[in-house]
Amino acid sequence: MKIYIDETGVVKDAIVLQGIPELNQAAIDAVKKAKYEPAKFNGKKVAVWVTVGINFSK
-16 MKIYIDETGV VKDAIVLQGI PELNQAAIDA VKKAKYEPAK FNGKKVAVWV TVGINFSK
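The opening residue of the sequence shown carries number -16 in the numbering used here; numbering runs sequentially from there.
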């Protein structure tokens, strides 16, 4: 997945790059529930796109 994290650490957008259609929405919901540490550039919090992997298991 590719996710957009804003300067407060909240996921604002998520795009499935490769997945299982039946699980794609669950993956999007999972990353949107998480709170992330914002990225910093020159000491200032910034919004970024990052690529993350989601693994499902029984």
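Glycine included, each C-beta is placed from N, C-alpha and C at the ideal position.
Residue i versus residue j - alpha carbon distance
i	j	result
D12	N25	31 Å
F39	W32	22 Å
Q8	T34	16 Å
K28	P4	34 Å
Opposing strand residues paired with residue i [DSSP bridges]
i	result
Y19	Note: Y19 sits in no beta bridge, so no partner.
V45	Here the chain has residues from -16 to 41 only, and residue 45 is not among them.
Residue closest to residue i, alpha-carbon to alpha-carbon, out of the options
i	options	result
E(-10)	K15, D(-4), V(-1), A30	A30
V(-6)	E5, L6, K16	K16
K41	K18, K23, V14, L6	L6
Y(-13)	N38, K27, K18	K18
Whole-Å CB distance - residue i paired with residue j, under 8 Å assumed
i	j	result
P21	G2	With a Cβ gap of about 26 Å, P21 and G2 do not count as contacting.
K(-15)	L0	6 Å
Give the list of continuous beta strand (DSSP E) stretches no shorter than 3 residues that lie fully inside the region -13 to 14. -6 to -2
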